[in-house]
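Q:
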Amino acid sequence: MNILIITAHPNPQSFNAHIVNQVQKSIDKSHEIQLLDLYAERFDPVLHFDEKHRRRDLIVDSETAKYRDLVTWADQFIFIFPIWWSGMPAILKGFIDRVFVAGFAYTNTKRGLKGNLKGKAWIITTHNMPGLIVPFAQDYGKILKNQVLKACGISPVTISRIASVEKISDQERRKVLNRIIQKAKKL
Ligand code: FAD
1 MNILIITAHP NPQSFNAHIV NQVQKSIDKS HEIQLLDLYA ERFDPVLHFD EKHRRRDLIV
61 DSETAKYRDL VTWADQFIFI FPIWWSGMPA ILKGFIDRVF VAGFAYTNTK RGLKGNLKGK
121 AWIITTHNMP GLIVPFAQDY GKILKNQVLK ACGISPVTIS RIASVEKISD QERRKVLNRI
181 IQKAKKL
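Counting along the sequence shown from 1, when you hit position 113 you're at 113 in the numbering used here, and nothing is skipped either side.
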């Protein structure tokens, strides 16, 4: 499989960076892996369009061409990011705005969006809210799963959430990380 890991954390020493590292190391060598670290890339998340640079031309925007190529190449996506204000970090939201554009990731039809992408996805998030409360929360990865990835044709999409990440003990963090490692080995 072609596996694209997309991550969004400003600190290369963070727990999220550690997860990325461990997942990357655990994936079977028969797969091809590409890592897209949006902060390391200094990805510009601001979407611009106006009369001169039209929205319909985003599909041929040369600045984002390499990311569209990566998304087309992948048949397994792994998103790894912390939950900020209930959802994904702004840099990742901007990546979706600029790369998952109409005519590429989806087509507008009378019945709504028709997804044009292929592959499946695994979303790994960390957050401070206790896990018991998350099913009742608005986002916590659900928007990326249902409103973005599934709408664009990527399915199935699973989510692994690491709850209370700053409050649990090192031992508990190792335990949850080990579950993620075991899942990565089975990809
Ligand atoms: P870190 O802070 O890097 O680490 C977390 C813990 O893991 C620390 O105890 C650290 O010692 C330990 N650790 C770090 N590296 C390693 C390693 N290599 N090995 C083992 N242990 C390690 N949370 C919510 O639930 N809901 C929200 O709406 C929300 N909004 C937020 C908004 C903002 C702007 C911010 C900054 C935070 C918000 N949070 C929210 C909390 C956020 O989700 C957590 O801070 C984040 O998930 C922690 O992940 P991290 O990678 O930054 O962890």
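Glycine included, each C-beta is placed from N, C-alpha and C at the ideal position. As the structure is a prediction and not an experimental result, all values here were calculated from the model.
Helix, strand or coil for Q22 per DSSP?
A: Translated into positions along the sequence shown, residue 22 becomes position 22. Note: Q22 maps to helix in three-state DSSP.
Q: Taking 7 Å as the line, does the beta carbon of E166 fall inside it for any heavy atom of the ligand FAD?
A: Translated into positions along the sequence shown, residue 166 becomes position 166. Yes.
Q: When the Cα atoms are used, what is the spatial distance from P135 to I124?
A: Locating residue 135 in the sequence shown gives position 135, counting from the first residue. Locating residue 124 in the sequence shown gives position 124, counting from the first residue. If you take the alpha carbons of P135 and I124, they lie about 15 Å apart.
Q: Is there contact here, the segment 88–98 with the segment 6–21, by at least three beta-carbon pairs under 8 Å?
A: yes
Q: Roughly how far, in whole angstroms, is the beta-carbon of I3 from the beta-carbon of Q76, given that I think they are within contact range, below 8 Å?
A: Here residue 3 refers to the residue found at position 3 when the sequence shown is read from its first residue. Here residue 76 refers to the residue found at position 76 when the sequence shown is read from its first residue. Contact check for I3 and Q76: beta-carbon distance about 5 Å, within the 8 Å limit, so the pair qualifies.
Q: Looking at the unbroken alpha helix (DSSP H) that takes in W84, where does it start and where does it end?
A: Within the sequence shown, residue 84 is the residue found at index 84, counting from 1. Per DSSP, W84 lies in no alpha helix (DSSP H) segment and is marked neither H nor E.
Q: Does the distance from the CB of K120 to the CB of I154 come in under 8 Å?
A: In the sequence shown, counting from the first residue as 1, residue 120 sits at position 120. In the sequence shown, counting from the first residue as 1, residue 154 sits at position 154. Against a cut-off of 8 Å, the Cβ pair of I154 and K120 comes out as a contact.
Q: In the DSSP assignment, the alpha helix (DSSP H) including K175 goes from what residue to what residue?
A: Residue numbering aside, residue 175 sits at position 175 when the sequence shown is read from its first letter. Note, K175: alpha helix (DSSP H), 170–185.
Q: For a quick check, are the C-beta atoms of N1 and H48 less than 8 Å apart?
A: Within the sequence shown, the letter at position 1 stands for residue 1. Within the sequence shown, the letter at position 48 stands for residue 48. Per the sequence presented here, residue 1 reads as Met, with Asn not at that position. It is not a contact, given that the beta carbons lie outside the stated cut-off.
Q: Should R111 be counted as a contact of the ligand FAD given a C-beta to heavy atom distance under 7 Å?
A: Numbered from its first residue, the sequence shown carries residue 111 at position 111. False, no ligand heavy atom lies under 7 Å from that Cβ.
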